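S.K.: Below are the structure tokens for one structure; questions will follow.
There are 2 protein chains.
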Amino acid sequence: MSETKPMSAAGQRILVAAGDLFYGRGITAVGVDLIAEHSGVTKRTLYNQFGSKDQLVVAYIEEREQRWRLLVRETIAAASPMDAVLAPLEALRTWNQSNPRGCAFINALAELPDPAHPAHLIATQQKQWLLTLFTDLATAAGCSAPDTLATQLLVLHEGALVTQQLPLDTLSASIELAHELVRASILH
Amino acid sequence: MSETKPMSAAGQRILVAAGDLFYGRGITAVGVDLIAEHSGVTKRTLYNQFGSKDQLVVAYIEEREQRWRLLVRETIAAASPMDAVLAPLEALRTWNQSNPRGCAFINALAELPDPAHPAHLIATQQKQWLLTLFTDLATAAGCSAPDTLATQLLVLHEGALVTQQLPLDTLSASIELAHELVRASILH
DNA sequence: TCGTGGGTATACTGATCGGTGAACTAGACC
DNA sequence: GGTCTAGTTCACCGATCAGTATACCCACGA
Chain A
1 MSETKPMSAA GQRILVAAGD LFYGRGITAV GVDLIAEHSG VTKRTLYNQF
51 GSKDQLVVAY IEEREQRWRL LVRETIAAAS PMDAVLAPLE ALRTWNQSNP
101 RGCAFINALA ELPDPAHPAH LIATQQKQWL LTLFTDLATA AGCSAPDTLA
151 TQLLVLHEGA LVTQQLPLDT LSASIELAHE LVRASILH
Chain B
189 MSETKPMSAA GQRILVAAGD LFYGRGITAV GVDLIAEHSG VTKRTLYNQF
239 GSKDQLVVAY IEEREQRWRL LVRETIAAAS PMDAVLAPLE ALRTWNQSNP
289 RGCAFINALA ELPDPAHPAH LIATQQKQWL LTLFTDLATA AGCSAPDTLA
339 TQLLVLHEGA LVTQQLPLDT LSASIELAHE LVRASILH
């Protein structure tokens, strides 16, 4: 459903520049002229490729979500079934290094209050996906009460993600606590 | 240091309207004309009271922070020393009802990337304050390793705050888990 | 009674916003 | 050679942005 068009080289450069700027400075604060300038492309080309700023925002969120899911799946694939439960947390270790300004989806929700906005939908669905993933992983690892555990892990995940700007290693703290929760859950 | 001026009735109306609009629609997306209109005040009055949009943003963040601290202090005062550790979490029960769009400080940070911006500073200091508060409360309750516990509680707090938009009672899950952590910490 | 300070009303500035029109250019494929 | 496509150049649109200017109004206190 996503293979409708391969996207031109110019289109990709636009998307990269838009990603950096939207995430780094905020969606509303960044104008299309600035994106065009940073991607070495004409504003006309930007509109030929994406149609409107709103659609470019949607493309930005979609791309971010796909990259994130890919990283999580790779981390899961590289872990043992029991460690896989913590994979989304471990993935943050890598992710946060190139994304030091908090969660792009939460930040986007802050700027896109309209629940009907496509980007708003994608951002909320991303969290739903993560919750379901935690539940599946917990079930596969043989945890008791996987739903409860998944909710706890989601909270730890979002908490660690959102507090990364503080001079505190909240990610390690979250992973350690998550590890204990998983272990306790497996031992009934 | 905050009692320099009592603020006129018009000033208070402006601050209330600005709070609703900034929090509800985003800071950058809301213009001064809209705020003036919603507070039934002339734009001239707005500028006479606050000087610039930036200073109004700072006033908005400051007011929010003071209200939040007040609520937390009241919740602490109404709790037993052992339950006081969970007071900031419990305070969210009340707070979230009138603030359903996530954490105002995180949302503000998303839109104000400049670390030198006064509102940026206040927003980050707010979390530092909360961390210190958790540490003090944990120490007062006789918890072992209060620093570690405080970090965990902060993560749970932020996680619950940020996931409130999901159709999940993450706040109750966070409080229950926090309760267990505190109990385990007191029993060494 | 006379200022004076807080407020209103309205018009305005220059800059920037998202978005468009039209003509032109370079390369790829037939 | 001819056509088609993606991209460029650049001028332009109306709306909105933050912020200012000028003049007026009115209640309150000395």
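Those sequence lines, one after another, are chains A and B.
Under the numbering used here, residues 1 to 188 are what the first sequence spells out, in order.
Under the numbering used here, residues 189 to 376 are what the second sequence spells out, in order.
Quick reminder that beta carbons are idealized off the backbone N, C-alpha and C, glycines included.
These numbers come from a predicted model, not from an experiment.
The alpha helix (DSSP H) that contains T42 of chain A, what's its start and end?
M.R.: Mapped onto the first sequence, residue 42 of chain A falls at position 42. T42 of chain A -> no alpha helix (DSSP H), and no H or E assigned at all.
S.K.: Taking its Cβ as the centre, do 16 or more other Cβ atoms sit within 10 Å of H188 of chain A, making it buried, or is it exposed?
M.R.: As a working note, residue 188 of chain A is residue 188 in the first sequence. Exposed: under 16 other Cβ atoms inside 10 Å.
S.K.: At what residue ranges does the stretch 71-130 of chain A contain a whole run of the alpha helix (DSSP H), taking only runs of 4 or more?
M.R.: If we require 4 residues or more, the alpha helix (DSSP H) runs fully inside the stretch 71-130 of chain A come out as 87-98, 104-111.
S.K.: Are the C-beta of R25 of chain A and some C-beta of chain B separated by less than 8 Å?
M.R.: The count along the first sequence starts at 1 and reaches residue 25 of chain A at position 25. Interface residue, yes.
S.K.: Rounded to the nearest angstrom, what separates L130 of chain A and L156 of chain A at their Cα positions?
M.R.: Locating residue 130 of chain A in the first sequence gives position 130, where the first residue counts as 1. Locating residue 156 of chain A in the first sequence gives position 156, where the first residue counts as 1. Computed Cα separation, rounded: 12 Å.
S.K.: For chain B, find out if any of its Cβ atoms is closer than 8 Å to the Cβ of I61 of chain A; answer yes or no.
M.R.: Within the first sequence, the letter at position 61 stands for residue 61 of chain A. Chain B contact via Cβ: absent.
S.K.: At least one CB of chain B closer than 8 Å to the CB of A159 of chain A: is that the case?
M.R.: The residue given as residue 159 of chain A occupies position 159 in the first sequence. Per the sequence shown, residue 159 of chain A should be read as Gly rather than Ala. At least one chain B Cβ lies under 8 Å of G159 of chain A.
S.K.: Does any residue of chain B bring its CB to less than 8 Å from the CB of H106 of chain A?
M.R.: As a first step, residue 106 of chain A must be located in the first sequence, where it is residue number 106. For clarity, residue 106 of chain A is Ile in the given sequence; the question names His instead. So, interface residue.
S.K.: On the premise that T163 of chain A lies in contact with K381 of chain B, defined as a C-beta separation below 8 Å, what is that separation, rounded to the nearest angstrom?
M.R.: Coverage of chain B is limited to positions 189 through 376, which leaves residue 381 of chain B absent and any answer about it impossible.
S.K.: Does any residue of chain B bring its CB to less than 8 Å from the CB of T139 of chain A?
M.R.: Translated into the one-based positions of the first sequence, residue 139 of chain A becomes position 139. Taking Cβ atoms only, chain B never reaches closer than 8 Å to T139 of chain A, which makes this a no.
S.K.: Between A17 of chain A and the rest of its own chain, which residues show a CB-CB distance below 6 Å, the 5 nearest in sequence each way excluded?
M.R.: Here residue 17 of chain A corresponds to residue number 17 of the first sequence, with the count starting at 1. Hits under 6 Å: I35, H38, S39.
S.K.: What residue from B:S286, B:R371, B:T233 has the CA that sits closest to H329 of chain B's CA?
M.R.: Walking along the second sequence from the start, residue 329 of chain B turns up at place 141. Here residue 329 of chain B is Ala; the residue named in the question, His, does not match the sequence. When each option's Cα is compared against that of A329 of chain B, the closest is B:R371.
S.K.: What residues from the stretch 118-130 of chain A come within 9 Å of chain B, judged by C-beta to C-beta, listed N to C?
M.R.: Flagged, chain order: T124, K127, Q128.
S.K.: Using a Cβ-Cβ distance cut-off of 8 Å, determine whether R67 of chain A contacts chain B.
M.R.: Position 67 of the first sequence, counted from the first residue, corresponds to residue 67 of chain A. Output row for R67 of chain A: interface = no.
S.K.: Does L70 of chain A pass the burial test, meaning 16 or more other C-beta atoms within 10 Å, or should it be called exposed?
M.R.: Reading the first sequence from its first residue, position 70 is the one you call residue 70 of chain A. The residue in question, L70 of chain A, is exposed, as its Cβ has fewer than 16 Cβ neighbours within 10 Å.
S.K.: Considering just the uninterrupted stretch of the alpha helix (DSSP H) at T216 of chain B, what are its terminal residues?
M.R.: Counted from its first residue, the second sequence places residue 216 of chain B at position 28. First-last for T216 of chain B: undefined, no H or E at that position.
S.K.: Measuring only the C-alpha atoms, how far is N287 of chain B from E180 of chain A?
M.R.: On the second sequence, residue 287 of chain B is found 99 positions in, with the first residue counted as 1. On the first sequence, residue 180 of chain A is found 180 positions in, with the first residue counted as 1. About 32 Å.
S.K.: Verify the CB distance criterion: does M195 of chain B have a CB-CB separation below 8 Å to chain A?
M.R.: The residue you call residue 195 of chain B lines up with position 7 of the second sequence. Chain A, which has no Cβ nearer than 8 Å to the Cβ of M195 of chain B, makes this no.
S.K.: Can you tell me the Cα-Cα spacing of I76 of chain A and A178 of chain A, whole angstroms?
M.R.: By one-based count along the first sequence, residue 76 of chain A stands at place 76. By one-based count along the first sequence, residue 178 of chain A stands at place 178. One C-alpha to the other measures close to 16 Å.
S.K.: Can you name the start and end residues of the alpha helix (DSSP H) that G142 of chain A belongs to?
M.R.: Counting from one through the first sequence, the residue named residue 142 of chain A turns up at place 142. It is not in any alpha helix (DSSP H) - G142 of chain A carries neither H nor E in the DSSP assignment.
S.K.: Can you give the Cα-Cα distance for I61 of chain A and G19 of chain A, rounded to whole angstroms?
M.R.: In the first sequence, the residue the question calls residue 61 of chain A occupies position 61. In the first sequence, the residue the question calls residue 19 of chain A occupies position 19. Taking the straight line from one Cα to the other gives about 8 Å.
S.K.: When the Cα atoms are used, what is the spatial distance from A333 of chain B to R67 of chain A?
M.R.: On the second sequence, residue 333 of chain B is found 145 positions in, with the first residue counted as 1. On the first sequence, residue 67 of chain A is found 67 positions in, with the first residue counted as 1. The alpha-carbon atoms of A333 of chain B and R67 of chain A are separated by roughly 38 Å.
S.K.: Work out the CA separation of F238 of chain B and K231 of chain B for me, nearest whole Å.
M.R.: On the second sequence, residue 231 of chain B is found 43 positions in, with the first residue counted as 1. On the second sequence, residue 238 of chain B is found 50 positions in, with the first residue counted as 1. Roughly 11 Å between the two C-alpha positions.
S.K.: Specify, as a first and last residue, the run of the alpha helix (DSSP H) that H179 of chain A falls within.
M.R.: Against the first sequence, residue 179 of chain A aligns to sequence position 179. Start and end: 170-186.
S.K.: Considering only residues of the same chain and omitting the five flanking positions on each side of T28 of chain A, which have a CB-CB separation below 7 Å?
M.R.: Residue mapping note: residue 28 of chain A aligns to position 28 of the first sequence, counting from 1. Hits under 7 Å: E111.
S.K.: Is G19 of chain A helix, strand or coil when you go by DSSP?
M.R.: As a working note, residue 19 of chain A is residue 19 in the first sequence. Residue state, collapsed to three classes: helix.
S.K.: For the stretch 25-44 of chain A, which residues have a CB atom closer than 9 Å to at least one CB atom of chain B, in sequence order?
M.R.: Listed by position along the chain: R25, G26, I27, T28, A29.
S.K.: How many Å lie between T148 of chain A and A361 of chain B at the Cα?
M.R.: If you number the first sequence from 1, residue 148 of chain A lands on position 148. If you number the second sequence from 1, residue 361 of chain B lands on position 173. So the two alpha carbons sit approximately 8 Å from each other.
S.K.: What did DSSP end up calling A198 of chain B once you bin it into helix, strand or coil?
M.R.: Reading the second sequence from its first residue, position 10 is the one you call residue 198 of chain B. It is helical.
S.K.: Considering only the alpha carbon of each residue, which of A:G24, A:G26, A:L56 lies closest to Q12 of chain A?
M.R.: Here the question's residue 12 of chain A lines up with position 12 in the first sequence. With distances taken between Cα atoms, Q12 of chain A lies closest to A:L56.
S.K.: Beta carbons nearer than 9 Å to chain A: which residues of the stretch 270-283 of chain B have them?
M.R.: Against chain A - using a Cβ distance shorter than 9 Å - the stretch 270-283 of chain B contributes no residues.
S.K.: For the alpha helix (DSSP H) containing G51 of chain A, list its first residue and its last residue.
M.R.: Residue mapping note: residue 51 of chain A aligns to position 51 of the first sequence, counting from 1. Per DSSP, G51 of chain A belongs to no alpha helix (DSSP H) and is neither H nor E.
S.K.: Any beta carbon of chain B sitting closer than 8 Å to that of T170 of chain A?
M.R.: Locating residue 170 of chain A in the first sequence gives position 170, counting from the first residue. Output row for T170 of chain A: interface = yes.
S.K.: Nearest CA to the CA of V58 of chain A: which residue from A:L153, A:T135, A:C143, A:L109?
M.R.: Here residue 58 of chain A is taken as the residue at index 58 of the first sequence, counted from 1. Of the candidates A:L153, A:T135, A:C143, A:L109, the one whose C-alpha sits nearest the C-alpha of V58 of chain A is A:L109.
S.K.: I'd like to know whether the C-beta of L220 of chain A is nearer than 8 Å to at least one C-beta of chain B.
M.R.: Outside the displayed span of chain A (1 to 188) sits residue 220 of chain A, for which this structure offers no information.
S.K.: Cβ of S362 of chain B less than 8 Å from any chain A Cβ?
M.R.: In the second sequence, the residue the question calls residue 362 of chain B occupies position 174. Yes, S362 of chain B lies at the interface with chain A (some Cβ there is under 8 Å from its Cβ).
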